[in-house]
Amino acid sequence: MSAMAAPAAPHLSLIVPVYNGADRLPTSLGQLRDFLRAQPYASELILVDDCSNAETRAILEAFASTTGEVRLIRNEENRGKGNAVTRGMRAAVGNYRVFTDADLAYPASEVGKILADLEAGADVAIACRVLAESRYLMSPTFFSYLYTRHVMSRAFNAAVRWTLIPHVLDTQAGLKGFTAHAAEIVFPRITIPRFGFDVEALFIAKKHNLSLTQTAVFFRYDEEPTTVRFAEDALRMLRDLVHIRRNDWRGRYA
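In my numbering, the protein residues as written are -6 to 247.
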């Protein structure tokens, strides 16, 4: 009797870290499901629950139980977005692996742009909100935060370019993609569990000479997330830059 062939890997693994947000989650999950079902390729949707509240957990469990090709991973304690994305990336089996935010600040269709860059030969593809071709939609509730957020974001990216990654214009966009090969190089080496993981992932990719493409996107600002506290997060992210440089000196990313 001949051995059964192993099933083909899905073309795309889409990883979504989730922490609370029960009011918007059913709509976001439905849009992601509809987007993936409309594509001509096989895919898997990996939801990583970073110890959300009971309401959010119930929504995720109900969705996963009634939707094919969905895997639900749960952290028993809150460990941060970086940890959630890393768990999802390491669990993924797709040829291409993209992560996006659960609030769909980048509409589901923008995943297709990142995937197209990977299919065209990039090892890593990232959304870049500051390219001239990028477009955004902003709620009036966000206006009071715009100046502070923009200035701090630009200052942080300038520090990243000066110290670690010279040519990346927008390290913190929540939409990034990796080939399976790139993901298997980058994510076992991640050490930062929270917001600074994006920079660490891109720095590791650079260390290993992986090619990177920056893509113009459409994105949406609805309101300032409560998890973002400007001064505290700025200090934490600067500490993360030092942490990455120290890891590099110690050969952690070799």
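In this text, a Cβ means the ideal position worked out from N, Cα and C, and glycines have one as well.
All of these numbers come straight from a predicted model, not from anything done at the bench.
- Buried is the label assigned to Thr172, since at least 16 other Cβ atoms lie within 10 Å of its Cβ.
- Spanning the alpha carbons of Ile178 and Asp94 requires a straight line of approximately 22 Å.
- Contact annotation: Tyr99 and Phe190 have beta-carbon atoms that are not nearer than 8 Å.
- Within the same chain, Cβ atoms closer than 8 Å to the Cβ of Ile158 are found at Thr164, Val192, Leu195, Phe196 and Lys199, the five residues on either side in sequence being excluded.
- By a beta-carbon distance limit of 8 Å, Val41 contacts Gly81. Their separation comes to about 5 Å.
- For Gln165, no pairing in a beta bridge is given by DSSP.
- For the options Ala120, Asn202, Thr184 and Gly23, the alpha carbon positioned closest to that of Ala166 is the one of Ala120.
- Under DSSP, Ser6 shares a beta bridge with Glu37 and Arg90.
- For Ala209, the enclosing beta strand (DSSP E) covers residues Leu205 to Ala209.
- Per the DSSP secondary-structure output, Thr184 pairs with nothing in a beta bridge.
- In the same chain as Thr156, and ignoring 5 residues on each side of it, the C-beta atoms closer than 8 Å to its own belong to Leu234 and Arg238, in chain order.
- Buried is the label assigned to Ala115, since at least 16 other Cβ atoms lie within 10 Å of its Cβ.
- Nearest neighbour of Asn240 by Cα position, chosen from Thr206, Pro33, Ile183 and Leu205, turns out to be Ile183.
- The beta carbon of Thr206 is closer than 6 Å to those of Asp110, Ala115 and Ala118 in its chain, skipping five residues each way along the sequence.
- Burial state of Ser204 is exposed, judged by a 10 Å Cβ sphere holding fewer than 16 other Cβ atoms.
- Scanning its chain for C-beta atoms nearer than 7 Å, with the 5 sequence neighbours on each side dropped, one finds around Met131 the residues Tyr214, in chain order.
- For the set Phe149, Ala35 and Ala31, the Cα lying nearest the Cα of Pro0 is the one of Ala35.
- Per the DSSP secondary-structure output, Arg64 pairs in a beta bridge with Ile39.
- Under the three-state reduction of DSSP output, Ala120 falls in the strand class.
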